[in-house]
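Trainee:
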Amino acid sequence: MVQLFFAKELGFCWGVERSIKLAAQAKNENPGKVTILKEIVHNRQVVDFFKKKGVGQEDSLDNIDSGTLVISAHGISPQLKKQARAKGLQIVDTTCPLVERVHKIAKKLIGEGYQIILYGEPEHDEVMGVIGIDPDNIFLLAEYGDINKLPHFRGKLALLTQTTRGIESFAKVSQRMAELYLGIRIEKTICRATEKRQAAVYELAPEMDLMLVIGSASSGNSRRLHDIASNVCARAYLLDAPEQIEWYWFDGIHRVGLTAGASTPSFAVEMIVNAIYEHVGIDLDHSDPRISDYLLFESRKNVQ
Ligand code: SF4
103 MVQLFFAKEL GFCWGVERSI KLAAQAKNEN PGKVTILKEI VHNRQVVDFF
153 KKKGVGQEDS LDNIDSGTLV ISAHGISPQL KKQARAKGLQ IVDTTCPLVE
203 RVHKIAKKLI GEGYQIILYG EPEHDEVMGV IGIDPDNIFL LAEYGDINKL
253 PHFRGKLALL TQTTRGIESF AKVSQRMAEL YLGIRIEKTI CRATEKRQAA
303 VYELAPEMDL MLVIGSASSG NSRRLHDIAS NVCARAYLLD APEQIEWYWF
353 DGIHRVGLTA GASTPSFAVE MIVNAIYEHV GIDLDHSDPR ISDYLLFESR
403 KNVQ
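Residues 103 to 406, numbered by the numbering used here, are exactly what the sequence shown covers, in order.
Printed below as a string of C-alpha cells:
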C-alpha cells in the first residue's frame, strides 16, 4: 500500500479546455467535413476522442481542400492562415490566447526593428507558427548548449520563449543571453498554467520516492514536468495509460507523487489512480484528500 499525493496544480489548463470545447462545437454545428490541422492538443486520448467523433486530422494544409478547418491550440503562422482562407475553408481558430499573445509580441517587436530569438522546441507546432511570422528575423534556440551556434547579431535583439518551456532553463538562457548581448530585450512568454504546474512539481517531487507524470510523450509541457521530476526525485516516469505502468516501480516505495500535463484529461488521471488502488492499494488516511474524488464507484464501494 502506498501514500499518494497530487501536485497542487495539475491537468487541463483553460487554454486546452477552450480549444477542445471550440473544436467539439465546430463538429456539432457543421454537418459537413471538419478537419483539424495537426493534433488539437498533444494528448493521445483527446486525439482519439475527436477521431471517434468523426473529425478528420491532417498534418498538412495541402491535404485539406474543403469544409471546416480547425486550428489547434498551438496556432499556425499568419501565412498558413492566409492560405487556408484563399482555399475557401471555413476556419475555426482555437489557438490559445496566450499563444496569440506571443504572436502579437513577436509582430510588434519585428515592426520596431528587432530580430528575435525564440527559445523553443524544434518542429513544435507553436514554435513553427511563431517563426512563420518572419522566418528571416526569428531564430530558433532549442537548447542552452546551442547559444554559441547562433549567428552574430547586430542591432536590436529580443528573446522570447515557447509558452511551455521550463522556467529554470529559460532563466539560465536569459542570463547567458544578457551577458552576451547587452541591452537584449527579454520577454518571458511562458504561460501561467505552465509556471504553476512546474512550480508544483518542484514543491512536491523532492518529498516523494516515486513521481508519476501523466501525459502523452508528444506533449511538450508533460515532458518538461517529467524532466523536472527526474531532476528532483529519485524515480520519475511519464505515462498516459495504466497499461504503461510496470508494477515493480512500486516495490519498496511509500510515497508516490502524481502530476499531469496541461493537455491531460482528468479521466487519464482517474484511470491511473484506480489502477494503483487495485494493484498496490492506497493508504487513503495518509494520502491527498483529493484522491477519493478520482476513485471510480466500484473502488469507492470497497473503501466504505
Ligand atoms: S499550456 Fe498555456 S499556452 Fe498552452 S494551452 Fe494551456 S494556457 Fe495556453
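The C-beta atom is built at its ideal place from N, Cα and C for all residues, glycine as well. Every value quoted in this text rests on a predicted model; they were computed, and no experiment measured them.
Quick check on the burial criterion: 16 or more other C-beta atoms within 10 angstroms. Buried or exposed for H388?
Mentor: When all chains shown are included, H388 counts as exposed.
Trainee: Taking only three categories from DSSP, how would you classify F352?
Mentor: Reduced to three states, the DSSP call for F352 is helix.
Trainee: Would you say the beta carbon of N130 is closer than 7 Å to some non-hydrogen atom of the ligand SF4?
Mentor: N130: no, Cβ never under 7 Å from the ligand SF4.
Trainee: Quick test of the definition: if touching needs 3 or more C-beta pairs under 8 Å, does the segment 201-221 touch the segment 253-266?
Mentor: Because the criterion of three Cβ pairs below 8 Å is met, the segment 201-221 and the segment 253-266 touch.
Trainee: Assuming E223 and G322 are in contact, meaning their beta carbons sit under 8 Å apart, how far apart are those beta carbons, in whole angstroms?
Mentor: Confirmed, Cβ separation roughly 6 Å.
Trainee: Quick check: L242 and I233, are their CB atoms within less than 8 Å of each other?
Mentor: Result yes, Cβ atoms of L242 and I233 sit closer than 8 Å.
Trainee: In or out: E160 buried (at least 16 other Cβ within 10 Å) or exposed?
Mentor: With fewer than 16 other Cβ atoms within 10 Å, it is exposed.
Trainee: Report the option in C198, S320, I286 and D227 whose CA atom is closest to the CA atom of Q147.
Mentor: Per the Cα distances, S320.
Trainee: Nearest to I166 by alpha carbon, out of G134, P308 and A186?
Mentor: Looking at the Cα atoms, A186 is the closest of the given residues.
Trainee: Just tell me which of A188, D227, F114 and E297 has its CA closest to the CA of G268.
Mentor: Out of A188, D227, F114 and E297, E297 has the C-alpha closest to the C-alpha of G268.
Trainee: Within 7 Å: the Cβ of L327 and any heavy atom of the ligand SF4?
Mentor: False, no ligand heavy atom lies under 7 Å from that Cβ.
Trainee: For H328, which residues of its own chain have a beta-carbon under 7 Å away from its beta-carbon, when the five flanking residues on both sides are left out?
Mentor: Hits under 7 Å: V315, A338 and L340.
Trainee: Run the proximity test for V229: is its beta-carbon closer than 7 Å to any non-hydrogen atom belonging to the ligand SF4?
Mentor: No, the ligand SF4 has no heavy atom inside 7 Å of this Cβ.
Trainee: Below 7 Å, is the gap between the Cβ of A175 and the nearest heavy atom of the ligand SF4?
Mentor: For the ligand SF4, at least one heavy atom lies less than 7 Å from the Cβ of A175.
Trainee: Using only alpha-carbon positions, find the residue among N132, D342, N130 and F272 that is nearest to C293.
Mentor: That would be F272, whose Cα lies nearest to the Cα of C293.
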